[in-house]
Each structure stands twice: as structure tokens, then as C-alpha cells.
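Asks: To start, I am sharing the structure in question, which I have written as C-alpha cells.
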Amino acid sequence: QTAPKPRGRQFFANPGPTNIPDSVLLACAHQTVDFNDSNFIEVYDACVAGLKRVLKTEQTVFLYTGSGHAAWEASLVNLLSTGDTVLILESGHFSISWGKMAQDLGIEVQSVAADWRRGVDMAAVRAALAADTARTIKAVCVVHNETATGMMIPVPEVRAALDAAGHPALLLADTISSLGSLDFRMDEWGVDAAVGGSQKGLMLPTGMSFTGVSAKALEAHKSSKLPKHYFHWTNMLQRPLKSFLGTVPVSFFYGLQESLRLIEQEEGLENVFARHSRLARAVRAAVQHWSGNNGPQLFCLNPGRYSDSVTAVLMPEGLNADALRQVALKRFNLSLGGGLGPLGGKVFRIGHLGDLNEPMILGTLATVELAMQVAGVPHTPGGIAAAIASLAAA
Ligand code: PLP
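Next comes the structure, spelled out in C-alpha cells:
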């Protein structure tokens, strides 16, 4: 006999894709319209203007049908040429993956290696830039919020390192799990290409991504020689919408219009950040409580870099995080994120971004604690009380 299907809602505590608000789902269910019609162009223009406000930029945004990887690739092929060097600042799996993509595209990759529990050391970044007297590094790639390790890397410090060295490299920032959840300021922080995706803080389905592009980057684009076609920004600028080489995924824009309304009008962007911070602190309070009795602990060891959109939790030595995740999923219908790359089986991740409130986070934490009890994972019981205390005090 097969196991009965679980009843009730699945608690989705993955760090992306994330829960989609009902009103966004309904907005996405829009009938097909002509994407060259003025009615749609009005919606499209409003969405691009809203995206720019969330990115905190007044510069150019290009959009693609494709997940975050598409925007990663677009940023590389539009700015670089074969043999150019990029400097990858290590923070975990996604920083490494962006570098691997660059390598596959024929770009030389130099890395500032880091302890993944602390993230890249800014002194090492400054040293790497200062040592590059021949200015071979053409771009520095930083993941603002490393979803694999639950770590926020301070982009302004990277900008400051570039400025201190008087280094002309472009600054590329991945905002895939930070945009619409953590404060990000493209223009103020001097970011030249900001890569974002639809399925996390923007609370949309997966499948659309974009790049905010500075004037300096647009200039660099003109001399970039890597092959490109669908992602070619110059070709896009010649299209009526100044983006999208092919068919425009219209339904995303009705969804985006609604998610921007929720973020900007119903809640307010600064309140969105405050909510993420409040919920994140509750998650960390629970994990820190559990960590007694050789329990699981926060993977990130740098409190100044704790991520407010995802918490990676390191399992006690010898215990498999995926076994715990299976108990949470199969018995209690709670979906948690798994460890990525070398952290596979060693960490699980609690996503706390997007359309989320206190009852959802408390339900998630209580269920993680329940799963730990059932799976025999040592911990100090009562993490949920620590989370409640944190939320009550917030
Ligand atoms: N960068 C970060 C920080 C991510 O979290 C992810 C996905 O989770 C990606 C890049 C890759 O994006 P996608 O899975 O949408 O292609």
C-alpha cells in the first residue's frame, strides 16, 4: 500500500522559488494579449519602472525569458571578450557556479577564495585588486546574498575596494535572492550589472530574469566580443520594448504589476525589508537555541553577514541533512532547501523570503523541531519558544 497523500497545505520553506501570493497567481492567469499593443506597453513600461525602483537604479534594464542563469550569462557575454579575466569573490556554491559559467564561455577566472562559513575577506579583495597593476581584471563578480550558505556579502565594501585601488573593473552583482527582500542600491553602490530573477523576493513564478545595466557597462558592452544573440543588448535596444529579442512573456508582466503593487503600495519596500529581518532573526534564534546538546547550528559564522532571506543550518557531525529533510517532507509536508555542492547532506536551508508571515515561519520552525525529534537529531528542544520571544520583542 502506498503512503497516503498528505492533507493541508504544503509548507514551502525553500529559498526559492518561493510562495506566490494568490493575487499574483490570479494576475498571471491573464489572457494572451498582443505585446505590441499600447494597452500592454503601458503595463510593461510601468513594470520596468517599478523594477528600476526596486533595484534603486535610474539606468537601463534588460529582461529575458529564462531563470537567473540566463541573466548571469547575459551579463557575461554582453560585457566581456574571450580571454578577459573576471574576479570571483567566493561566498559559496552560487559564486563558484557563476565562475564556472564564465570559464565555459572562454573567460579567465581568478578567485578570491574564502572560508564558506565567513565569506570573502575584503582585505584579500583589496589585495587582489591592488596586485592587478596590468588591469587584466575586467569585472568583479559578487553574489549579494549567497543562497547556498545563508550569507550576505556587503556590496558597498566591494565598491570601496575597487575605488581604493582606483581599479576600472566593472562591478557585477547577483541579487537573485536579495532583490525585494534585502536592501539593494544599484546606483548608490556603483553596481554596473545587477542580475535578478522573478521567483524569489518578487514572488513570481520562475522563468523571467533581468539585468540592471549602468552607463559604464553599456559602454563596455560596445567592445565586448563574446558570441551572443538572444541576449544581445544592442539588438534588444532596437526592439520596440528595448528588451526581449523574441516573444514577450506577457503573463509575467501582469503578475509583476501585481507583485510590485504589493511590495510598493500595500506594504512598502522598507517594510518588506523590515519584515524579512524580523522573520530571519526569529529563525536564527530558533537555530541558536537548537544548537545546544550538539544540535544543528548556523552555518554562517559571521553575524555581520547573516542573510535575512535564507538560513543555512549545519547538521551535527555524521548526521545527514537530507534524511531530516525527507522526514520533514514525507511525514509533515514541509519542504526545506538542501545543501548545495560540497554542502550536500551537510546543511539544510530554511528559506524565509517572499510572501511570508509570522505564523508561516513559526509553523516551519515547529515542524523542523518535530522532524528533528522524529529523526533522532540531537538538539535543545524549545527553539520555537526562542523564535516566539524574538518575534514578540521585534
Ligand atoms: N544565484 C543565486 C544567488 C541563486 O540563489 C540562484 C538560484 O537559486 C541562482 C543564481 C541561479 O538562478 P536560477 O536557478 O533562477 O537559474
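First residue of the sequence shown? That's 92 in the working numbering, and the numbers climb one at a time after it.
Every residue, glycine too, gets a C-beta built ideally from N, C-alpha and C.
Here the structure is a predicted model, which is why all the values come from computation and not from measurement.
With DSSP as the reference, identify every bridge partner of Trp230, one or two as the case may be.
Replies: Along the sequence shown, one-based indexing puts residue 230 at 139. The question names Trp, but residue 230 in the sequence shown is Ala. Residue pairing from DSSP places Ala230 in a beta bridge opposite Val177, Leu261.
Asks: Quick check on Met294: does DSSP put it in helix, strand or coil?
Replies: Here residue 294 refers to the residue found at position 203 when the sequence shown is read from its first residue. Met294 falls in the coil class under three-state DSSP.
Asks: Pull up the distance between the alpha-carbon of Phe185 and that of Ala484, whole angstroms please.
Replies: Translated into the one-based positions of the sequence shown, residue 185 becomes position 94. Translated into the one-based positions of the sequence shown, residue 484 becomes position 393. The C-alpha of Phe185 lies about 34 Å from the C-alpha of Ala484.
Asks: To the nearest angstrom, how far is the alpha carbon of Gly395 from that of Met242?
Replies: Within the sequence shown, numbered from 1, the residue matching residue 395 stands at position 304. Within the sequence shown, numbered from 1, the residue matching residue 242 stands at position 151. Distance between the alpha carbons of Gly395 and Met242 is about 9 Å.
Asks: Should His320 go down as buried or exposed, given a rule of 16 or more other Cβ atoms within 10 Å for buried?
Replies: If you number the sequence shown from 1, residue 320 lands on position 229. Label assigned to His320: exposed.
Asks: Alpha carbon to alpha carbon, how far is Gly386 from Ser481?
Replies: One-based indexing of the sequence shown puts residue 386 at position 295. One-based indexing of the sequence shown puts residue 481 at position 390. Roughly 20 Å separates the two Cα atoms.
Asks: So what does DSSP say about Arg440, is it helix, strand or coil?
Replies: Here residue 440 refers to the residue found at position 349 of the sequence shown. Look at Arg440 here: in three-state DSSP terms it is strand.
Asks: For Arg308, which residues of its own chain have a beta-carbon under 7 Å away from its beta-carbon, when the five flanking residues on both sides are left out?
Replies: By 1-based counting over the sequence shown, the position of residue 308 is 217. First, the residue type needs correcting, since residue 308 is Ala and not Arg in the sequence shown. Closer than 7 Å at Cβ, skipping near neighbours: Leu170, Leu261, Asp283, Ala284.
Asks: Just reading off the beta strand (DSSP E) that Phe275 is part of, what are its end residues?
Replies: Within the sequence shown, residue 275 is the residue found at index 184, counting from 1. Element bounds for Phe275: n/a, residue is neither H nor E.
Asks: Under three-state DSSP, which class holds Ser202?
Replies: Within the sequence shown, the letter at position 111 stands for residue 202. Correct three-state label for Ser202: strand.
Asks: With DSSP run on the structure shown, which of helix, strand or coil describes Thr238?
Replies: Counted from its first residue, the sequence shown places residue 238 at position 147. It is coil, neither helix nor strand.
Asks: From this set, Asp212, Val231, Gly257, which residue's C-alpha is nearest Thr224's C-alpha?
Replies: The residue labelled residue 224 in the question sits at position 133 within the sequence shown. Per the Cα distances, Gly257.
Asks: Would you check whether the ligand PLP has a heavy atom nearer than 7 Å to the C-beta of Gln101?
Replies: Translated into positions along the sequence shown, residue 101 becomes position 10. Flag unset: Cβ of Gln101 not near the ligand PLP.
Asks: Of the residues Thr238, Val249, Ile198, which one's Cα is nearest the Cα of His215?
Replies: Taking the sequence shown and counting its residues from 1, the one referred to as residue 215 is at position 124. Note on residue identity: the sequence assigns Ala, not His, to residue 215. Per the Cα distances, Val249.
Asks: Give the secondary structure of Val468 by DSSP, where H, G and I count as helix, E and B as strand, and everything else as coil.
Replies: Here residue 468 is taken as the residue at index 377 of the sequence shown, counted from 1. In this structure, DSSP gives Val468 a state outside helix and strand, which the three-state scheme calls coil.
Asks: Start and end of the alpha helix (DSSP H) containing Thr156?
Replies: In the sequence shown, the residue the question calls residue 156 occupies position 65. Per DSSP, Thr156 belongs to no alpha helix (DSSP H); it is in the beta strand (DSSP E), 151-156.
Asks: Between the alpha carbons of Ala462 and Asp125, how many angstroms are there, rounded?
Replies: Taking the first residue of the sequence shown as 1, we reach residue 462 at position 371. Taking the first residue of the sequence shown as 1, we reach residue 125 at position 34. The alpha-carbon of Ala462 is positioned some 49 Å away from that of Asp125.
Asks: Around the C-beta of Asp136, are 16 or more other C-beta atoms found within 10 angstroms, so that it is buried, or is it exposed?
Replies: By 1-based counting over the sequence shown, the position of residue 136 is 45. Exposed.
Asks: In this structure, how does DSSP classify Leu389 when only helix, strand and coil are distinguished?
Replies: To locate residue 389, count along the sequence shown from 1; it is residue 298. Strand, per DSSP.
Asks: Excluding sequence positions up to five away, which residues of its chain have a Cβ less than 6 Å from the Cβ of Lys316?
Replies: Position 225 of the sequence shown holds residue 316. Taking Lys316 as the centre and dropping the five residues before and after it, the same chain places the C-beta of Ser172 closer than 6 Å to its C-beta, in chain order.
Asks: For Ser289, collect the residues of the same chain with a Cβ closer than 7 Å to its Cβ; drop the 5 residues on either side in sequence, then sort them by chain order.
Replies: In the sequence shown, residue 289 corresponds to position 198, counting from 1. So the qualifying residues of the chain are Leu295, Pro296, Thr297, Gly298, Met299, Ser300, Phe343.
Asks: Alpha helix (DSSP H) containing Val286: first to last residue?
Replies: As a first step, residue 286 is located in the sequence shown; it is residue number 195 there, counting from the start. No alpha helix (DSSP H) contains Val286, which is instead part of the beta strand (DSSP E) from 284-288.
Asks: Closest to Phe275 by CA distance: which of Ala306, Leu328, Ser398, Val418 is it?
Replies: As a position in the sequence shown, residue 275 is number 184, starting the count at 1. Taking only the C-alpha atoms, the option nearest Phe275 is Ser398.
Asks: Using the three-state DSSP reduction, which class does Val211 fall into: helix, strand or coil?
Replies: Within the sequence shown, the letter at position 120 stands for residue 211. The answer is coil: DSSP assigns Val211 none of H, G, I, E or B.
Asks: So, with DSSP's three-state summary, where would you put Leu167?
Replies: Within the sequence shown, the letter at position 76 stands for residue 167. Residue state, collapsed to three classes: helix.
Asks: Provide the residue span of the beta strand (DSSP E) that contains Phe103, from first to last.
Replies: The residue you call residue 103 lines up with position 12 of the sequence shown. From DSSP, the beta strand (DSSP E) with Phe103 extends over 102-104.
Asks: Taking the alpha-carbon positions, what's the Arg98 to Phe423 distance?
Replies: By 1-based counting over the sequence shown, the position of residue 98 is 7. By 1-based counting over the sequence shown, the position of residue 423 is 332. Between Arg98 and Phe423, the C-alpha separation is close to 9 Å.
Asks: Tell me the rounded alpha-carbon separation between Ala205 and Asn236.
Replies: Looking up residue 205 in the sequence shown gives position 114. Looking up residue 236 in the sequence shown gives position 145. Distance between the alpha carbons of Ala205 and Asn236 is about 15 Å.
Asks: Give the C-beta separation of Gly303 and Leu420 to the nearest angstrom, bearing in mind that I take them to be a contact with Cβ-Cβ under 8 Å.
Replies: Here the question's residue 303 lines up with position 212 in the sequence shown. Here the question's residue 420 lines up with position 329 in the sequence shown. At roughly 36 Å, the Cβ-Cβ gap does not stay under 8 Å, so Gly303 and Leu420 are not in contact.
Asks: For the structure I just gave you, are there three or more beta carbon pairs, one from the region 192-204 and one from the region 347-358, closer than 8 Å?
Replies: no
Asks: Given a cut-off of 8 Å on the beta-carbon distance, is the pair Gly436 and Val286 in contact?
Replies: Stepping through the sequence shown from its first residue, residue 436 is reached at position 345. Stepping through the sequence shown from its first residue, residue 286 is reached at position 195. No, the Cβ-Cβ distance between Gly436 and Val286 is not below 8 Å.
Asks: Where does Gly454 fall in DSSP's three states?
Replies: Numbered from its first residue, the sequence shown carries residue 454 at position 363. Helix at Gly454.
Asks: If we ignore side chains and look at the alpha-carbon of each, how far apart do Gly445 and Leu270 end up?
Replies: Residue mapping note: residue 445 aligns to position 354 of the sequence shown, counting from 1. Residue mapping note: residue 270 aligns to position 179 of the sequence shown, counting from 1. Roughly 10 Å between the two C-alpha positions.
Asks: State the Cα-Cα distance for the pair Ala193 and Ile187, rounded to the nearest angstrom.
Replies: Taking the first residue of the sequence shown as 1, we reach residue 193 at position 102. Taking the first residue of the sequence shown as 1, we reach residue 187 at position 96. Their backbone Cα atoms lie some 10 Å apart in a straight line.
Asks: Quick one: measure Cβ to Cβ for Phe412 and Gly429, integer angstroms, because I've assumed they're closer than 8 Å.
Replies: One-based indexing of the sequence shown puts residue 412 at position 321. One-based indexing of the sequence shown puts residue 429 at position 338. Before going on, a small fix: residue 412 reads as Ala here, not Phe. Sure, about 7 Å apart at Cβ, within 8 Å.
Asks: In the structure shown, what three-state DSSP assignment does Thr224 receive?
Replies: As a first step, residue 224 is located in the sequence shown; it is residue number 133 there, counting from the start. Thr224 falls in the coil class under three-state DSSP.
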